[in-house]
Structure formats: C-alpha cells, structure tokens
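Novice:
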Amino acid sequence: MILKRIAIFVIAIAGLIHLPCPPCPAATPARPPAVEEFPVYGVIRPNIAFWTDIFTKHSKSEGVIHDVRDLSKRYGLVKLNPADTRKAASQNRKKKKKAIKKYKNLLLKLSRGVPPSSPMEKKVAALFGKHPKPSHFKRAAYNLRIQTGLKEQFKEGIIRSGALVNEFKRIFKASGLPQDLVYLPCVESSFNPAAYSKFGAAGIWQFTRGTGKRYMDIGYVVDERRDPVIATRGAAQLLKKNYGELKSWPLAITAYNHGLAGMKRAQKKHRTYPKIYTSYTSRSFKFASRNFYAEFLAAREVAKNHTKYFGRLALDRPARHSRFKTKGFLPAEELARKLGLDIPTLRKLNPALRKPVFDGRKYIPKGYTLRLPEGIAAEAAAQAAAAIYLNKQKPSRFHRVARGDTAGSIARTHRVPLKDLIIANGLGRRATIYIGQTLRIPVGSRGEPAAVKTAAVKAAVSAPSPPAPKPEPAKVLKKEPPAPRETAAETASAIPAPDGAERPVVTADLKIKKTIQGKKSMLGVIHAAPGETLGHYADWLGIATARIRKLNGLTYGRPISMGQTIKLPLAGPDADQFEEKRYEFHQEILEDFFDSFFISGTGKYEIKPGDTIWDLCENQLEIPLWLLEKYNPAMDINRLMPGQTLVYPEVSPNGVQVQPMDSDIRI
Numbered sequence: 018m019i020l021k022r023i024a025i026f027v028i029a030i031a032g033l034i035h036l037p038c039p040p041c042p043a044a045t046p047a048r049p050p051a052v053e054e055f056p057v058y059g060v061i062r063p064n065i066a067f068w069t070d071i072f073t074k075h076s077k078s079e080g081v082i083h084d085v086r087d088l089s090k091r092y093g094l095v096k097l098n099p100a101d102t103r104k105a106a107s108q109n110r111k112k113k114k115k116a117i118k119k120y121k122n123l124l125l126k127l128s129r130g131v132p133p134s135s136p137m138e139k140k141v142a143a144l145f146g147k148h149p150k151p152s153h154f155k156r157a158a159y160n161l162r163i164q165t166g167l168k169e170q171f172k173e174g175i176i177r178s179g180a181l182v183n184e185f186k187r188i189f190k191a192s193g194l195p196q197d198l199v200y201l202p203c204v205e206s207s208f209n210p211a212a213y214s215k216f217g218a219a220g221i222w223q224f225t226r227g228t229g230k231r232y233m234d235i236g237y238v239v240d241e242r243r244d245p246v247i248a249t250r251g252a253a254q255l256l257k258k259n260y261g262e263l264k265s266w267p268l269a270i271t272a273y274n275h276g277l278a279g280m281k282r283a284q285k286k287h288r289t290y291p292k293i294y295t296s297y298t299s300r301s302f303k304f305a306s307r308n309f310y311a312e313f314l315a316a317r318e319v320a321k322n323h324t325k326y327f328g329r330l331a332l333d334r335p336a337r338h339s340r341f342k343t344k345g346f347l348p349a350e351e352l353a354r355k356l357g358l359d360i361p362t363l364r365k366l367n368p369a370l371r372k373p374v375f376d377g378r379k380y381i382p383k384g385y386t387l388r389l390p391e392g393i394a395a396e397a398a399a400q401a402a403a404a405i406y407l408n409k410q411k412p413s414r415f416h417r418v419a420r421g422d423t424a425g426s427i428a429r430t431h432r433v434p435l436k437d438l439i440i441a442n443g444l445g446r447r448a449t450i451y452i453g454q455t456l457r458i459p460v461g462s463r464g465e466p467a468a469v470k471t472a473a474v475k476a477a478v479s480a481p482s483p484p485a486p487k488p489e490p491a492k493v494l495k496k497e498p499p500a501p502r503e504t505a506a507e508t509a510s511a512i513p514a515p516d517g518a519e520r521p522v523v524t525a526d527l528k529i530k531k532t533i534q535g536k537k538s539m540l541g542v543i544h545a546a547p548g549e550t551l552g553h554y555a556d557w558l559g560i561a562t563a564r565i566r567k568l569n570g571l572t573y574g575r576p577i578s579m580g581q582t583i584k585l586p587l588a589g590p591d592a593d594q595f596e597e598k599r600y601e602f603h604q605e606i607l608e609d610f611f612d613s614f615f616i617s618g619t620g621k622y623e624i625k626p627g628d629t630i631w632d633l634c635e636n637q638l639e640i641p642l643w644l645l646e647k648y649n650p651a652m653d654i655n656r657l658m659p660g661q662t663l664v665y666p667e668v669s670p671n672g673v674q675v676q677p678m679d680s681d682i683r684i
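Going by my numbering, the sequence shown opens with residue 18, and the numbers climb by one from there.
1) Identify which residue in K621, G174, D556 has its Cα closest to the Cα of K598.
2) Within a Cβ cutoff of 8 angstroms, which residues of the same chain sit near Y297, ignoring the five residues on either side of it in sequence?
3) My guess is that V664 and K621 are in contact by the Cβ rule of under 8 angstroms, so how many angstroms apart are they, rounded?
4) Return the CA-CA distance between F304 and K168, expressed in angstroms with no decimal places.
5) Whole angstroms are fine: how far does the CA of F346 sit from the CA of N408?
6) Three-state secondary structure (DSSP) at S76?
7) Is I71 closer than 8 angstroms to Y310 when the C-beta atoms are compared?
8) Report buried or exposed for E605, applying the criterion of at least 16 other Cβ atoms within 10 angstroms of its Cβ.
9) Once DSSP output is grouped into helix, strand and coil, what is the label at M539?
10) Who pairs with D244 in a beta bridge, going by DSSP?
11) May I have the straight-line CA-CA distance separating R110 from L97, to the nearest angstrom?
12) Helix, strand or coil for P547, going by three-state DSSP, please let me know.
13) With a threshold of 16 other CB atoms inside 10 Å of the CB of G574, please say whether the residue is buried or exposed.
14) So, helix, strand or coil for P670, using DSSP?
15) Would you report the Cα separation of I440 and S613, rounded to the nearest angstrom?
16) Can you list the alpha helix (DSSP H) stretches of 4 or more residues lying completely in the region 58 to 111, in chain order?
17) So, using beta-carbon positions, are P195 and E54 closer together than 8 angstroms?
18) Using 8 angstroms as the Cβ pair cut-off and three pairs as the minimum, do the region 144 to 151 and the region 178 to 192 touch?
19) Does DSSP put T386 in a helix, in a strand, or in coil?
20) Run through DSSP, which three-state label would H553 get?
21) For the beta strand (DSSP E) that Q534 lies in, which residues bound it at each end?
22) So, with DSSP's three-state summary, where would you put H431?
23) Please check the pair I616 and L657, which I expect to be a contact at CB under 8 angstroms, by giving their CB distance rounded to whole angstroms.
24) Between V199, L94, P348, L551, which has its C-alpha nearest K114's C-alpha?
25) Which two residues bound the contiguous beta strand (DSSP E) that contains H416?
26) Residues in the same chain with beta-carbon distance under 7 angstroms from H323, minus the five sequence neighbours each way, listed in chain order, please.
27) Hey, how far is the Cα of A157 from the Cα of A66?
28) For a test of the three-state rule: what should DSSP assign to E312, helix, strand or coil?
29) What residue range is occupied by the uninterrupted beta strand (DSSP E) comprising S178?
30) Can you tell me which residues form a DSSP beta bridge with Y232?
31) So what's P459 in DSSP terms, helix, strand or just coil?
32) Find the nearest neighbour of I393 within the set I117, R354, L277, judged by alpha-carbon distance.
33) Alpha carbon to alpha carbon, what distance is there between R429 and K647?
34) Determine the closest residue to K411 out of G425, R388, P382, with distance taken between C-alpha atoms.
35) For my contact list, K77 and T165 are in at a C-beta cut-off of 8 angstroms; report their separation, rounded to the angstrom.
36) CB E241 to CB W222, shorter than 8 angstroms?
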C-alpha cells in the first residue's frame with residue numbers, strides 16, 4: 018500500500034514537471050521611442066532663440082545686428098524709423114549701412130590683434146570666447162547682417178490666422194500630413210493673402226509662378242496663389258511630395274524654400290539635416306534657406322502659445338459666404354451694383370481675381386466660382402448675372418510709344434477717347450509719354466450682352482488698328498522733369514534717372530520683330546525678355562516646347578538667355594494672341610511688384626571676379642533680374658566684366674503688403 022502511494026506521488030510530481038506553466042503575463046514589447054516629426058537639433062537652437070526674439074521682442078523700430086552664420090552672436094541694435102514712407106525707408110537704409118560699417122571696422126581692428134578697450138569692443142570680443150583667433154574676427158567682419166524686428170507683423174499674422182487655420186488643418190489632415198505644418202505661413206507671409214515678394218512669390222504660401230502653375234491657375238486675370246484655401250491645397254501637395262522624396266520633415270520644409278532638387282543634392286552629399294546645415298554650400302543655399310527650418314520651429318512655438326508671448330488676442334473668425342459659378346464673362350462693377358455690393362467687398366471675398374478685373378480692364382472669367390456675402394443666395398446672383406453675361410474676355414491692347422507719338426495721336430490711331438487713354442495709363446494732366454513706354458489701350462467698359470452682341474460691336478473690339486495718322490509735334494520726352502509730389506501708387510513705377518529726373522518702368526518691347534517663311538509655316542522672330550522661358554512661349558502658342566527647341570537647335574535643359582533670338586512657329590492655335598499673352602505676362606509682374614514695393618533710391622555696385630548676374634540678383638542686391646536690366650539698358654548683363662559698375666534700385670516695401678519674414682538683406 019505504501020509502495021502504491023509512493024508510486025502515485027512520483028507520477029504526480031512527474032506530471033507537474035511536464036505540464037506547461039500557467040500563463041504568465043506577456044512581456045510588453047518595448048515601444049520604439051516616438052519619432053519627433055519636427056526635431057530640434059542642437060546646432061540650430063541659437064537660431065530658434067534668435068527668431069523667437071525677432072517675432073516677439075523686437076519691433077520694426079529696431080534692427081538686430083548679428084553674424085549671418087552664427088545667430089548667437091548679436092552685436093547690438095540700431096534704431097529705425099517705423100513709418101511706411103519713402104523718407105523712412107531712405108533713413109533706415111542709411112542707418113543700417115552706418116551700423117554695419119561701424120561694427121565691420123571694430124571687428125577688423127580686433128582682427129589686427131589690437132586689444133579691446135572700449136565697452137563696445139569688449140562686449141563684441143566676449144562673444145568669441147576666451148581665446149579667439151584674429152581670423153575669427155576678420156571672417157565675422159564680412160558676415161554682418163541686420164534683421165528688422167517683426168513683433169507687430171507676427172502678432173497681426175496670428176490674428177489673421179484665426180479665420181483660416183482650422184480649415185488649413187482639415188486640408189492637411191485629409192492629406193495625411195502633420196497639422197502643425199499650418200504654421201508655415203507665419204514665416205512666409207503672416208497669413209496675408211496679398212503678400213508679394215521681390216522675386217514674384219505671392220499669397221499666404223508664397224508660391225513662385227513656376228511652382229504654383231503645377232497646382233493652380235495663375236495668369237493676368239486669375240491668380241489662385243492669392244486664394245488661401247486653393248493655395249493651401251497646393252502647399253499640401255508640394256509638402257507631401259517633398260517628404261515623399263526626402264523622408265525627413267526638416268529637409269522637406271527646407272525644400273519648400275530652397276527647392277526639392279537642391280535639397281536632394283544636399284541630402285546625397287551630407288545625408289542628415291545637421292550636416293547639411295553646418296557643411297552644405299551652394300550658390301543658392303544662403304541665409305534664407307539655411308534658417309528656414311529654424312524659423313518654422315520658432316514660429317510654431319510662438320503661434321501655438323501666442324498668449325504666452327502676446328497675451329489674449331481677439332482672433333479673426335472664419336467668414337461665411339455663398340458660392341456662385343459664372344456661366345459667362347461678367348463685368349465686376351456691374352455685377353456688384355446689381356447685387357448691392359461695393360467693389361472692395363467683392364474683391365476681399367475673391368482674392369484670386371486680380372486687379373484688372375476690378376478696375377474694368379478684364380471681366381470675371383467664365384466658369385469662375387465667386388464667393389459672395391452669406392446673405393446673397395446663389396440663385397439671386399445667377400438671376401442678376403443672367404442679364405449681363407458676355408461671350409468673350411476683354412482683350413488686352415497695347416501700344417509701344419515711338420518717336421513722334423503723342424497721347425492724342427495714339428488715341429486717334431486706336432479710336433479711343435483721349436481721356437480714357439490718360440486714365441487707363443495714369444498719364445496725369447500733361448499726358449506726357451515716353452519713348453519705349455508701353456501704353457494700355459482701353460477697351461469699352463463692357464460689351465453688349467452675349468445674346469444681343471452686334472456685328473458692329475464685335476468688329477470694333479477685334480478690328481486691327483488703322484494706319485497711324487501723321488503725328489502732331491512730339492510731346493515725347495527722353496528725359497522727364499522731376500515729378501511733382503504724388504501718391505505712392507502714382508509714382509511707384511518711376512525710375513530715378515542719373516540726372517535726377519524720373520522715367521517710368523515699362524515692359525520690354527514685346528512685339529514680334531519680324532516674320533520669315535519657314536518650311537511648313539510662317540515664323541516669328543523675337544528677342545527673349547527677362548523671365549521668359551521656352552515653356553512660356555509654348556504655353557502662349559498652344560504648342561509643345563519640344564517643337565520650339567527643335568526649331569532653334571536648342572538642347573534640353575539649357576535655359577535661354579536674355580536678348581537671345583528665338584524663332585517661333587506662328588501656325589499654332591493661339592498664335593494670333595501670342596503678343597497679347599506675352600504682354601499680359603510681363604504687365605502682371607510689373608503691376609504686382611509696384612503694388613508691393615517702391616524705389617527709394619539707387620546704388621552702385623562694382624563687378625568683382627566670379628560675380629554672376631543670378632548671384633548678384635538673388636543674394637547680393639536682392640532684386641529681380643528684369644528690374645536690374647531696366648537700370649542698365651546699355652550694358653550686356655549676360656556678360657559681366659570685373660570693374661564694370663552696375664546701377665541698382667534700392668527697393669522698399671510700400672507698407673500695404675506684409676513681406677516674408679526673412680526679407681531683410683545684408684548690407
């Protein structure tokens with residue numbers, strides 16, 4: 018019996034040994050640390066602190082003098098005149114130049130081994146550590162920059178963002194993107210749809226024309242870069258593409274400023290953002306691109322925590338409106354009158370419609386979705402519009418002023434009232450015109466409704482101009498007398514001439530120079546104007562770019578140069594409108610620029626070995642090529658020679674538009 022019990026005990030023990038253990042709590046696998054989408058790298062912490070202070074502490078009445086590469090080196094402040102006037106702009110430029118010169122001389126003195134003696138010299142020397150080398154001071158002397166404070170601008174941008182940011186977040190969420198990307202406009206434009214840069218970037222997201230054309234409609238009548246919602250959808254697509262190729266948000270955001278191709282080259286060479294920031298060099302990777310990600314991080318911090326920096330703010334609220342899609346072309350003024358609206362209200366609700374629509378030079382286009390005040394139903398708008406629809410867009414007609422022309426003779430040539438010509442071009446009481454000036458020829462305030470448009474009216478709009486009558490005694494002046502004091506809008510496009518007079522900034526000569534017979538069709542010969550590409554010509558003619566390239570023996574990827582002779586086939590579907598489209602392209606650039614900037618003076622720059630026209634325009638002088646060319650008409654700026662002197666305009670914002678955050682330049 019005892020043996021039996023022992024056997025049973027042994028079997029039981031054995032069974033216990035072989036039975037599986039009771040289920041233990043499963044070990045929770047270690048979760049990988051969350052990847053920070055927008056990491057803060059040590060190398061850019063001083064930059065983030067710098068921009069945070071620029072956004073929250075420094076007003077536009079002061080400029081921070083700093084090192085362009087090391088933003089922890091802040092040398093001092095310069096007091097500025099905050100007024101938005103020509104006088105203030107001129108005063109501030111002089112103050113900045115004086116401050117730069119003072120600190121440059123101080124740093125060069127220290128570079129010669131002279132011990133610091135004054136409090137200012139000791140303060141500057143202390144920024145370089147205990148044992149700085151003379152070369153450190155010398156390098157710093159040529160890396161000085163002044164950044165104007167942006168406190169007021171940033172605060173106003175946060176207030177404006179209240180009407181937009183939630184809609185932007187929905188767009189980014191729907192695109193599978195981090196919602197904090199909605200704070201990029203704090204850096205780009207302060208959430209101002211009217212923002213415009215010197216190089217033609219427009220709207221809240223500051224799309225350039227070339228990039229914007231990939232995602233939206235951009236032209237003389239409609240520019241969707243200025244529509245906050247449409248532009249945000251475009252920005253989401255662009256940022257998604259950047260991230261898809263770079264796999265890094267610091268790089269994708271930097272690419273928004275620098276360009277995807279440039280950042281791919283930088284990534285291939287240096288791989289990570291910190292290495293790119295510290296080591297990457299290229300002709301275009303300058304202060305703005307290098308600082309763009311740090312600016313974004315600072316702007317995101319301030320915008321998300323704005324009460325910490327600015328106290329409680331009354332943010333704008335989203336506007337409510339109705340929508341109405343047009344079935345024909347509409348005169349804006351007539352439509353506004355029928356709906357009981359004023360033009361400013363209609364324009365504010367529809368920022369993508371350009372100025373020519375609202376001053377009567379163009380019509381609201383067919384198929385355009387208009388925004389109207391919430392109280393106006395779409396049905397009521399459709400009923401009001403039905404009686405005033407037109408069947409075609411108002412054409413752009415223009416006249417290049419030649420020797421012997423007068424305003425009166427031009428008006429008679431084109432069969433328009435002289436007073437209309439004067440008003441359309443802002444000629445003033447004397448109706449003075451200038452050789453080479455492009456005058457806009459006014460077309461009737463509106464055509465007849467599409468259903469009853471007469472053949473006579475159609476002929477009047479489309480008929481070619483008759484031969485010019487014998488001109489009256491010339492009133493054309495090569496050099497005009499100093500202009501009387503006028504408003505900024507009236508004088509915005511005036512160039513100060515070397516003799517102290519002013520002449521207007523006008524579009525280039527955009528006429529086809531001559532026509533010749535080709536193998537298959539007539540060919541037109543033109544000279545390439547600044548900013549034009551083969552893609553533009555193809556678009557205006559309605560043909561493939563490859564056809565123009567083959568006709569001119571041009572290799573793929575090689576840009577054309579300013580003044581280059583180009584042959585164009587004139588058998589395309591849009592050939593008869595080529596000159597009009599070309600004119601509108603340049604006129605759009607001219608009008609947009611001088612709506613946002615004015616010329617406060619001129620300076621001179623001596624060409625140095627290694628200078629290129631692109632580097633000078635983009636990084637040294639920060640002005641567009643087309644404007645620099647107008648100040649140096651006798652110089653071939655495609656072939657710069659050391660020792661040559663360029664005259665350049667000093668450009669200042671007019672105070673109406675909010676400019677991008679990093680728009681200050683090195684002096």
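Here a beta-carbon is modelled for each residue, glycine too, at the ideal position from N, C-alpha and C.
Specialist: A quick look at the data gives this:
1) On the sequence shown, position 581 is the one that residue 598 refers to. Checked all of K621, G174, D556; the closest Cα to K598 is D556.
2) The count along the sequence shown starts at 1 and reaches residue 297 at position 280. Excluding residues within five positions, the ones whose Cβ falls inside 8 angstroms are A283, K286, H287.
3) If you number the sequence shown from 1, residue 664 lands on position 647. If you number the sequence shown from 1, residue 621 lands on position 604. Rounded, the Cβ-Cβ distance is 6 angstroms, consistent with contact.
4) Taking the sequence shown and counting its residues from 1, one reaches residue 304 at position 287. Taking the sequence shown and counting its residues from 1, one reaches residue 168 at position 151. So the alpha carbons of these two residues sit roughly 20 angstroms apart.
5) The residue labelled residue 408 in the question sits at position 391 within the sequence shown. The residue labelled residue 346 in the question sits at position 329 within the sequence shown. Their Cα atoms are separated by approximately 6 angstroms.
6) Walking along the sequence shown from the start, residue 76 turns up at place 59. If DSSP states are grouped into helix, strand and coil, S76 belongs with coil.
7) Along the sequence shown, read from residue 1 onward, the residue named residue 310 stands at position 293. Along the sequence shown, read from residue 1 onward, the residue named residue 71 stands at position 54. Cβ atoms of Y310 and I71: not closer than 8 angstroms.
8) Here residue 605 refers to the residue found at position 588 of the sequence shown. Per the 10 Å Cβ criterion, buried.
9) Residue 539 sits at position 522 when you count from the first residue of the sequence shown. M539 falls in the strand class under three-state DSSP.
10) Reading the sequence shown from its first residue, position 227 is the one you call residue 244. None; D244 has no bridge partner.
11) In the sequence shown, the residue the question calls residue 110 occupies position 93. In the sequence shown, the residue the question calls residue 97 occupies position 80. Straight-line Cα distance between these residues: approximately 9 angstroms.
12) Taking the sequence shown and counting its residues from 1, one reaches residue 547 at position 530. Here P547 sits in coil by DSSP.
13) Position 557 of the sequence shown holds residue 574. The residue is exposed, with fewer than 16 neighbouring Cβ atoms inside 10 Å.
14) One-based indexing of the sequence shown puts residue 670 at position 653. Of the three classes helix, strand and coil, the one that applies to P670 here is strand, per DSSP.
15) As a working mapping, residue 440 is identified with position 423 in the sequence shown. As a working mapping, residue 613 is identified with position 596 in the sequence shown. Near 21 angstroms, if we compare the C-alpha coordinates of S613 and I440.
16) 62 to 73
17) As a first step, residue 195 must be located in the sequence shown, where it is residue number 178. As a first step, residue 54 must be located in the sequence shown, where it is residue number 37. A contact, by the Cβ cut-off of 8 angstroms.
18) no
19) In the sequence shown, counting from the first residue as 1, residue 386 sits at position 369. In the structure shown, T386 sits in a strand (DSSP, three-state: E or B).
20) Within the sequence shown, the letter at position 536 stands for residue 553. Of the three classes helix, strand and coil, the one that applies to H553 here is helix, per DSSP.
21) As a working note, residue 534 is residue 517 in the sequence shown. Unbroken beta strand (DSSP E) run through Q534: 531 to 534.
22) Translated into the one-based positions of the sequence shown, residue 431 becomes position 414. Three-state result, H431: coil.
23) The sequence position of residue 616 within the sequence shown is 599, counting from 1. The sequence position of residue 657 within the sequence shown is 640, counting from 1. Not quite, the Cβ-Cβ distance comes to about 22 angstroms (not below 8 angstroms), so this is no contact.
24) Walking along the sequence shown from the start, residue 114 turns up at place 97. Taking only the C-alpha atoms, the option nearest K114 is L94.
25) For the purposes of this step, residue 416 is taken as the residue at position 399 of the sequence shown. Its beta strand (DSSP E) spans residues 414 to 417.
26) The residue you call residue 323 lines up with position 306 of the sequence shown. Around H323: I175, L330.
27) Locating residue 157 in the sequence shown gives position 140, where the first residue counts as 1. Locating residue 66 in the sequence shown gives position 49, where the first residue counts as 1. The straight-line gap from Cα to Cα measures roughly 20 angstroms.
28) Counted from its first residue, the sequence shown places residue 312 at position 295. Residue state, collapsed to three classes: helix.
29) Indexing the sequence shown from 1 puts residue 178 at position 161. Segment 168 to 178 is the alpha helix (DSSP H) holding S178; no beta strand (DSSP E) there.
30) Indexing the sequence shown from 1 puts residue 232 at position 215. Bridge partners of Y232: none, in fact.
31) Taking the sequence shown and counting its residues from 1, one reaches residue 459 at position 442. Coil, per DSSP.
32) In the sequence shown, counting from the first residue as 1, residue 393 sits at position 376. I393 has its Cα closest to that of R354, out of I117, R354, L277.
33) Reading the sequence shown from its first residue, position 630 is the one you call residue 647. Reading the sequence shown from its first residue, position 412 is the one you call residue 429. If you take the alpha carbons of K647 and R429, they lie about 30 angstroms apart.
34) Your numbering for residue 411 matches position 394 in the sequence shown. Comparing Cα-Cα distances from K411 to each of G425, R388, P382, the minimum goes to P382.
35) Taking the first residue of the sequence shown as position 1, residue 77 is located at position 60. Taking the first residue of the sequence shown as position 1, residue 165 is located at position 148. Indeed they touch by this definition, with Cβ atoms about 6 angstroms apart.
36) Sequence index remark: in the sequence shown, residue 241 carries index 224 (1-based). Sequence index remark: in the sequence shown, residue 222 carries index 205 (1-based). The answer is no: Cβ separation not under 8 angstroms.
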